[in-house]
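Under the working numbering, the first residue of the sequence shown is numbered 118, with each subsequent residue one higher.
This report refers to the structure that appears directly beneath it.
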Amino acid sequence: MTKPLIALYQPDIPGNTGAILRLGACFGLGVHIVGPAGFDMTDRSLKRAGMDYIEMAALTRHDGWEEFEIWRHAEGRRLVLMTTQAATPYTDDSDQTITAQDVVLFGRESAGVPPRVHEAADSRLTIPMVEGRRSLNLAMSVAIIAGEITRRFGL
Numbered sequence: 118m119t120k121p122l123i124a125l126y127q128p129d130i131p132g133n134t135g136a137i138l139r140l141g142a143c144f145g146l147g148v149h150i151v152g153p154a155g156f157d158m159t160d161r162s163l164k165r166a167g168m169d170y171i172e173m174a175a176l177t178r179h180d181g182w183e184e185f186e187i188w189r190h191a192e193g194r195r196l197v198l199m200t201t202q203a204a205t206p207y208t209d210d211s212d213q214t215i216t217a218q219d220v221v222l223f224g225r226e227s228a229g230v231p232p233r234v235h236e237a238a239d240s241r242l243t244i245p246m247v248e249g250r251r252s253l254n255l256a257m258s259v260a261i262i263a264g265e266i267t268r269r270f271g272l
């Protein structure tokens with residue numbers, strides 16, 4: 118069964134990325150990293166957070182945004198951007214929500230994604246939060262969406 122994929126845009130924090138790779142391995146979700154990452158992918162904290170699950174993760178690395186976009190278009194996958202700037206919650210039942218052919222992209226911990234990435238998105242979704250709060254931790258945000266993907270598409 119085809120399932121959505123998780124993608125991280127130039128992640129900054131190795132511990133978050135390691136936890137997301139572990140989550141991907143446990144939920145059977147492919148994880149794509151759009152580089153450059155803000156750390157060495159062999160970083161000890163990446164390995165500590167991901168433990169031995171990193172070896173089980175379906176990890177694909179892309180050297181940059183252009184390479185990722187070429188791959189995504191060749192695969193015929195929509196881009197769903199998770200952003201605090203969206204108005205549509207991920208739980209919405211419209212055609213904007215996550216489908217099996219999507220890549221769900223999360224931005225950098227420090228800066229989100231640049232305007233060109235926002236413009237490239239086919240859909241923008243948000244995780245609803247109490248008003249006045251800025252954002253959730255990246256690994257927690259991915260976990261919420263991974264839970265939704267599992268609910269909709271199974272393991």
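C-beta atoms are modelled at their ideal positions from N, C-alpha and C, and glycine is treated no differently.
In this text, all values refer to a predicted model and were calculated from it rather than measured experimentally.
Where residue 149 and residue 249 are concerned, what is the direct C-alpha to C-alpha distance, given to the nearest angstrom? Between residue 149 and residue 249, the C-alpha separation is close to 31 Å.
Does DSSP put residue 194 in a helix, a strand or coil? If DSSP states are grouped into helix, strand and coil, residue 194 belongs with coil.
Cut-off 8 Å between Cβ atoms - residues of its own chain near residue 144, not counting five sequence neighbours on either side: Counting only Cβ-Cβ distances below 8 Å, and skipping sequence neighbours, we find 263, 266, 267 and 272.
Among 270, 218, 208 and 178, whose alpha-carbon lies nearest the alpha-carbon of residue 194? Per the C-alpha coordinates, the member of 270, 218, 208 and 178 positioned closest to residue 194 is 218.
Where the alpha helix (DSSP H) containing residue 256 begins and where it ends: Counting along the chain, the alpha helix (DSSP H) containing residue 256 begins and ends at 255 to 270.
Using the Cα positions of residue 124 and residue 177, report the straight-line distance between them to the nearest angstrom. Their backbone Cα atoms lie some 9 Å apart in a straight line.
Identify whether residue 173 lies in helix, strand or coil by the three-state DSSP scheme. The answer is helix: DSSP assigns residue 173 an H, G or I state.
Could you give the residue range of the alpha helix (DSSP H) that holds residue 137? Looking at the DSSP string, the run of the alpha helix (DSSP H) that includes residue 137 is 131 to 144.
Reducing DSSP to helix, strand and coil, say where residue 158 ends up. Three-state result, residue 158: coil.
For residue 185 versus residue 151, is the C-beta spacing smaller than 8 Å? Taking a C-beta distance under 8 Å as the contact criterion, residue 185 and residue 151 qualify as a contact pair.
Would you kindly work out how many angstroms separate the C-alpha atoms of residue 142 and residue 161, rounded to a whole number? Rounded to whole angstroms, residue 142 and residue 161 show a C-alpha spacing of 19 Å.
Sorted by chain position, which residues of the same chain lie with C-beta nearer than 7 Å to residue 127's C-beta, five sequence neighbours on each side aside? Excluding residues within five positions, the ones whose Cβ falls inside 7 Å are 151, 152, 153, 154, 155 and 225.
Please classify residue 133: is it buried, with 16 or more other beta-carbons within 10 angstroms of its beta-carbon, or exposed? Buried is the call here.
For residue 165 and residue 206, I'd like the C-alpha separation in whole angstroms. Answer to the nearest angstrom: the Cα atoms are 32 Å apart.
If we ignore side chains and look at the alpha-carbon of each, how far apart do residue 233 and residue 198 end up? Linking residue 233 to residue 198 through their CA atoms gives a straight-line distance of about 12 Å.
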